[in-house]
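Chemist: Going by the numbering used here, the first residue of the sequence shown is number 124, and it counts up by one from there. Ideal Cβ positions, reconstructed from N, Cα and C, are used throughout, including at glycine.
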Amino acid sequence: MTASAKEKGITLSENMIDDVLIVALFQQVGWKYLENRNNPSAFEPVPSADEAKPAQASAASAPKAQTQSGSAIYTVELEGKALW
């Protein structure tokens, strides 16, 4: 990992396990994130309170989902055998 980081010009954090996990869990964007970690312009802007208001208004006017009451029984099968 350190060789790849040096090759790409990326400075790893003091706790390298965090960087290893980022690359392992997010293979498609992990390196790009590490490369731009200290560059706020590389990321989406933080939403403001004004931007959140229209979403709340539309959520209030949306029809409410119907709720079902009661219980249900599920059977988990693996290779034709019920496990639970």
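If we count the other Cβ atoms within 10 Å of its Cβ and call it buried at 16 or more, is D141 buried or exposed?
Modeler: When all chains shown are included, D141 counts as exposed.
Chemist: Would you kindly check if the distance between the Cβ of E158 and the Cβ of I133 is under 8 Å?
Modeler: Their beta carbons are under 8 Å apart, which means I133 touches E158 by this criterion.
Chemist: Once the 5 residues before and after K131 are set aside, which same chain residues still bring their CB inside 7 Å of it?
Modeler: So the qualifying residues of the chain are W154 and E158.
Chemist: Quick one: grab the DSSP three-state call for K204.
Modeler: Looking at K204 - three-state DSSP - the assignment turns out to be strand.
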